[in-house]
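**Student:** Handing you a structure now.
In our numbering, the protein residues as written are 6 to 130.
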């Protein structure tokens with residue numbers, strides 16, 4: 006029974022981590038999408054690497070706006086315009102690694118929250 010439960014958990018995590026959910030508004034690995042903040046902001050905050058992404062969201066959770074601004078000033082966090090086209094490179098439970106395809110940061114690879122990457126044409130785009 007334990008083996009079956011562990012196997013089910015591994016399968017479920019694998020299913021989520023590769024973005025295989027049918028009917029999802031989120032692109033899978035290898036698909037194009039767009040950044041969508043979901044609120045009134047014009048830009049999406051993105052980490053230039055996994056550590057910067059983690060630090061950004063720790064600062065946000067702590068309501069440390071000075072810390073967020075320091076990450077931006079240090080170039081560890083980029084403010085990428087909502088609607089920017091991206092290519093999904095990797096997907097995990099809470100984050101997505103994307104290559105920016107247009108705009109000021111075209112060609113750069115960044116980490117963003119999973120829910121902020123939408124299929125082209127989904128979510129009003």
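By construction, the Cβ of each residue, glycine as well, lies at the ideal position given by its N, Cα and C atoms.
All of these numbers come straight from a predicted model, not from anything done at the bench.
1. Hey, could you find the ends of the alpha helix (DSSP H) residue 59 is sitting in?
2. Can you give me the C-alpha to C-alpha distance between residue 107 and residue 40, rounded to a whole angstrom?
3. Alpha carbon to alpha carbon, what distance is there between residue 93 and residue 55?
4. Helix, strand or coil: which one does DSSP assign to residue 105?
5. Quick one, which of 60, 53 and 77 has its alpha-carbon nearest residue 113's?
**Tutor:** Well, looking at it:
1. 55-66
2. 11 Å
3. 15 Å
4. strand
5. 53
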